[in-house]
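K.L.:
2 protein chains.
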Amino acid sequence: MKIINGIAINEEISTGEITQHIGKTIRIHGSIYKIRKMKGFAFVLLRTDRSVIQCIYNKDVSNFDISDIKEESCIRAEALVKQEKRSKTGWELTLLNVTILSEPIEGLPIVINQKIVDTSIGNLLDFRPITLRNERERALFKLQEGICNGFRKFLQDNRFTEIHTPKIVYAGAEGGANIFHLDYFGKEAFLAQSPQFYKQMMVGVYERVFEIAPVFRAEKHDTSRHLNEYTSVDFEMGYIESFEDIMQMEVRMLKAALDELNGNYQAELELLAVRLPEINDIPAIRFHEAKEMIAACYAREIRDMEDFEPEEEKLLSEMMLKRTGSEFVFVTHYPSKKRPFYAMDDKDNQEVTVSFDLLFRGVEITTGGQRIHNYHEQLEKMERRNMQPGEFESYLMMHKYGMPPHGGLGLGLERFLSRLLNQDNVRYSCLFPRDINRVTP
Amino acid sequence: MKIINGIAINEEISTGEITQHIGKTIRIHGSIYKIRKMKGFAFVLLRTDRSVIQCIYNKDVSNFDISDIKEESCIRAEALVKQEKRSKTGWELTLLNVTILSEPIEGLPIVINQKIVDTSIGNLLDFRPITLRNERERALFKLQEGICNGFRKFLQDNRFTEIHTPKIVYAGAEGGANIFHLDYFGKEAFLAQSPQFYKQMMVGVYERVFEIAPVFRAEKHDTSRHLNEYTSVDFEMGYIESFEDIMQMEVRMLKAALDELNGNYQAELELLAVRLPEINDIPAIRFHEAKEMIAACYAREIRDMEDFEPEEEKLLSEMMLKRTGSEFVFVTHYPSKKRPFYAMDDKDNQEVTVSFDLLFRGVEITTGGQRIHNYHEQLEKMERRNMQPGEFESYLMMHKYGMPPHGGLGLGLERFLSRLLNQDNVRYSCLFPRDINRVTP
């Protein structure tokens, strides 16, 4: 019998600690990112968990041959830490000994150790297990982590409880045809389009809840804005006085995420030359007014009075940036017809809902709004839409037995990151994207 | 045009702040959990986000009639904070005015405001949207939140990067028949049984990664230990020297979760009378030895030399508790036949793997181990199993182009919570469980 006691083994030094060891020999590990041979010496870039460290191979002091190591070999090494004022870190490593832990069986099919991976998006995604090893590619998903951390910390500080709701569901929350069907032991089930029903139920339990989890949309069009599976940041809060409380909360949440990036992800922001937006006063315009403003400003004909064309979202963002300086714009009071059955209608105008979208740099990143909390009101709205309330019995249970006024939102994590980076395709901001033609890797 | 600036609206007081307002009138909100009428006054229990607060209705000072409020009505109230030494909190609230925000349309079909919800598990789950409003039921899922927070904080402090991997996948990681099939635009796809392939790929990128997300198992048996969808806590780490490094890391992670509960969830622990386990020295026994020890100790016949019967896991836990005082036990070196194709075999005995399970109070809560990182070794093992390596091209890409020695584990969040609470069915620890007969609510 052995004993496992959780006492940390003597670990190798992490990159952040190297600076405390100037003049000493340390043990480190990592992947060989790049080798640049010079006369009598070589630069060896070592990729560690979050940095790429420049090491020196010097045949006079290094106890191995430079040809022993290959790019993408994983190694352990002993290295001497030397003060080096020209280096950004203030030090430089000279490799003394290396142990090869593994090496690639052949040269890489794609160059990953240049500034960018210079290839088509198709190749980039096909070779994801290796293209993600590129310094910039992986920096992007550190920012994704940072955004989640910022959101989560903010929501927890504001008394939101984190929940885990099922993704195999008995009914779609958003309606429509873009839902995946599943054979569930001979019965039909679906993949959740959103945690909508569950987060509402949980408002009756904890007042404020959130979830960061996958959602699934069987979108049949192959666009640069859509993914068939994405990470949705959802929150839902009770005891609101107006749907504007939700927008206020979102603004604060977004600020918290940017603060987190500024505070803990400077290296990645610099590497990717990210220009973070300012968040101060975000304008909020009613949907109908926005439609008319765009038409007037750009001399465009309005073809669909009930929805935006993608081009209109872009123009609206452009226009509001010029007029107000804000890269964000809320659009409110969407037509009832275009919103789900649980959306609350405006008391002053039943044709529109007390709901909103948030556009950021030309693309919708959030949909939110107040929900119906009154049982009879919800029942009537379902009946007006020829829905069968009997199919939603467990959903309606919460309305039946008392719910506070409430609302919430869903934010697409990949879309938000993609707009932060000004990418022309949301797939760049998803580790392993799923679209109509892609389920691998 | 309106302006949304994220400046917090003047919020009502949260429960934790009430103590600073003794002698003053405050505004609060919540659901009426229970009304106990006495002579000339009543106790009104108000359920807020995390507490149940005792309020006094006194017809001499309360400006409403007690019959105006019902159990499960949502209210806003003005209340006077009085010092009250007999109260646990040191204060007591007298209700002055209430505004009814909503009320149930009929009496509840099930009593939720007693100490426990006294009903069958079937009813408990059928009525989840309201039974979760019970003080203890919801406390349970606060503990779930606390466990996740503890794990996440620990992993981030130890340089693990949080990732989001796809749940719609092209191949199952665990093999076998218990996988859900999906019609993905006319092609066949599956629901992920684990993030195995992706977390391994990401070790090549960040060295250490983790994910807390749903996984799906099409288990056809209806047992008290299985869910068809559960939340899996997965981590994977590179540059290990032995699979024991993973076990050491897990022990520290578990300690961190218990510390988080002790530090920030005392109220819930007390309410549920949870006895947290001690984690000091956890014994680790080889699978074959464990089988023989159980057989000898309990005079049982060994029927299956390659797997545990559930009863044997229970007996092993019992035996190890007696012998070592530990409620946890690692079982190591499981037979290769019973482990997936990516499990690394023991160099000294190809019949067993350098893998482990962790049992806690009689049930397996974790499976982990070292993975094959060498391309040729992985290819050979797949060929020995008559697998088609061509189907796993994108998975094998990482091995081909260099991977460090690595391994990791998956822990079932609901199972762990369920054992902490000594429940006889894992469904109690899942908000909305999915089993062969249940996809609602």
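Chains as they are written, first to last, in my numbering: chain A, 60 to 500; chain B, 60 to 500. Ideal placement from N, C-alpha and C gives every residue a C-beta, glycine not left out. Quantities reported herein were computed from a predicted structural model and do not represent experimental measurements.
1) Threshold first: 3 residues or longer. Then list the beta strand (DSSP E) segments lying entirely within the segment 169-247 of chain B, N to C.
2) A/Lys-258: which of A/Asp-494, A/Glu-288, A/Lys-279, A/Gly-297 sits nearest, CA to CA?
3) Between the Cα of A/Glu-270 and the Cα atoms of A/Ile-159, A/Glu-278, A/His-280, A/Gln-215, which residue gives the shortest distance?
4) Comparing alpha-carbon positions, which option in A/Thr-107, A/Ser-110, A/Val-103 lies nearest A/Asn-117?
5) Counting only beta-carbon separations shorter than 9 angstroms, does A/Thr-499 have a partner in chain B?
6) Go to A/Asp-304, then tell me how far its alpha helix (DSSP H) extends in each direction, as first and last residue.
7) Mind pulling the chain A residues with CB within less than 7 angstroms of B/Gly-263?
8) Using 9 angstroms as the limit for Cβ to Cβ distance, is B/His-435 near chain E?
9) Since A/Leu-154 sits in a beta bridge, which residues does DSSP pair it with?
10) Is the Cβ of B/His-88 closer than 9 angstroms to any Cβ of chain A?
11) Quick test of the definition: if touching needs 3 or more C-beta pairs under 8 angstroms, does the segment 383-397 of chain A touch the segment 355-375 of chain A?
12) Can the beta-carbon of A/Met-60 be found less than 9 angstroms from the beta-carbon of B/Ala-343?
13) Hey, B/Gly-461 and A/Ser-90: beta-carbon distance below 9 angstroms or not?
14) In the DSSP assignment, what residue or residues form a beta bridge with A/Phe-275?
15) Could you pull out every residue in the same chain whose Cβ sits closer than 7 angstroms to the Cβ of A/Ile-171, ignoring the five residues on either side in sequence?
16) Residues of chain A with a CB under 9 angstroms from the CB of B/Glu-351: which are they?
17) Any idea which residues DSSP pairs B/Tyr-116 with across the strands?
18) Using 9 angstroms as the limit for Cβ to Cβ distance, is A/Gly-297 near chain B?
19) Drop a sphere of 10 angstroms on the beta-carbon of B/Asp-494, count the other beta-carbons inside from all chains shown, and report buried for 16 or more, exposed for fewer.
20) Using a Cβ cut-off of 9 angstroms (strictly closer), state whether A/Gly-516 contacts chain B.
21) Is B/Gly-65 close to chain A? Criterion is C-beta to C-beta, closer than 9 angstroms.
22) Helix, strand or coil, according to DSSP, for A/Met-296 in the structure here?
23) Just checking my contact of B/Ile-222 with B/His-465 at CB under 8 angstroms: how many whole Å lie between their CB atoms?
24) Output needed for B/Met-446: all residues of its chain with C-beta closer than 7 angstroms, excluding positions within five of it in sequence on either side, in chain order.
25) For chain B, check one thing: does any of its Cβ atoms lie closer than 9 angstroms to the Cβ of A/Asn-37?
26) When Cβ atoms are compared, which residues of the segment 388-418 of chain A fall closer than 7 angstroms to chain B?
27) Let's see if you can read the secondary structure: which residues bound the beta strand (DSSP E) around A/Leu-417?
28) Name the DSSP beta bridge partners of B/Leu-328, please?
29) What residue from B/Glu-319, B/Ile-62, B/Thr-153, B/Lys-98 has the CA that sits closest to B/Ile-81's CA?
30) Mind checking if B/Tyr-324 is an interface residue toward chain A, Cβ cutoff 9 angstroms exclusive?
31) My understanding is that B/Phe-186 touches B/Leu-490, with C-beta atoms under 8 angstroms, so please give their C-beta distance in whole angstroms.
32) Got a sec: is the Cβ-Cβ distance from B/Pro-336 to anything in chain A below 9 angstroms?
33) Interface residues of chain A around B/Thr-290 at Cβ under 8 angstroms?
34) Going by beta carbon distance, what residues of the same chain come within less than 7 angstroms of B/Phe-219, once the five residues before and after it are set aside?
35) Can you tell me whether B/Gln-409 is buried or exposed, with buried defined as 16 or more other CB within 10 angstroms of its CB?
P.N.:
Reading off the structure:
1) 240-243
2) A/Gly-297
3) For the residues A/Ile-159, A/Glu-278, A/His-280, A/Gln-215, the minimum Cα distance to A/Glu-270 belongs to A/Gln-215.
4) The residue from A/Thr-107, A/Ser-110, A/Val-103 with its alpha-carbon nearest to that of A/Asn-117 is A/Val-103.
5) yes
6) 303-323
7) Pro-188, Arg-192
8) In the displayed structure, chain E is absent; the protein chains listed are A and B.
9) DSSP links A/Leu-154 through a beta bridge to A/Ala-138.
10) Chain A contact via Cβ: present.
11) yes
12) yes
13) yes
14) Residue pairing by DSSP puts A/Phe-275 in a beta bridge opposite A/Glu-288.
15) Ile-189, Thr-190, Arg-192, Asn-193
16) The premise fails here: B/Glu-351 is roughly 13 angstroms from chain A at the closest Cβ pair, so nothing lies under 9 angstroms.
17) B/Ala-101
18) yes
19) buried
20) This structure does not reach residue 516 of chain A, given that chain A is present from 60 up to 500, and the question cannot be answered.
21) yes
22) strand
23) So it is not a contact: roughly 14 angstroms between Cβ atoms.
24) Phe-400
25) Outside the shown range of chain A (60 to 500) lies residue 37 of chain A, about which nothing can therefore be said.
26) Phe-389
27) 414-419
28) Paired residues: none, contrary to the question.
29) Per the Cα distances, B/Thr-153.
30) no
31) That belief does not hold up - the Cβ atoms of B/Phe-186 and B/Leu-490 are roughly 13 angstroms apart, past 8 angstroms.
32) Closer than 9 angstroms: no.
33) Simply His-223.
34) Arg-267, Val-268, Phe-269, Phe-294
35) exposed
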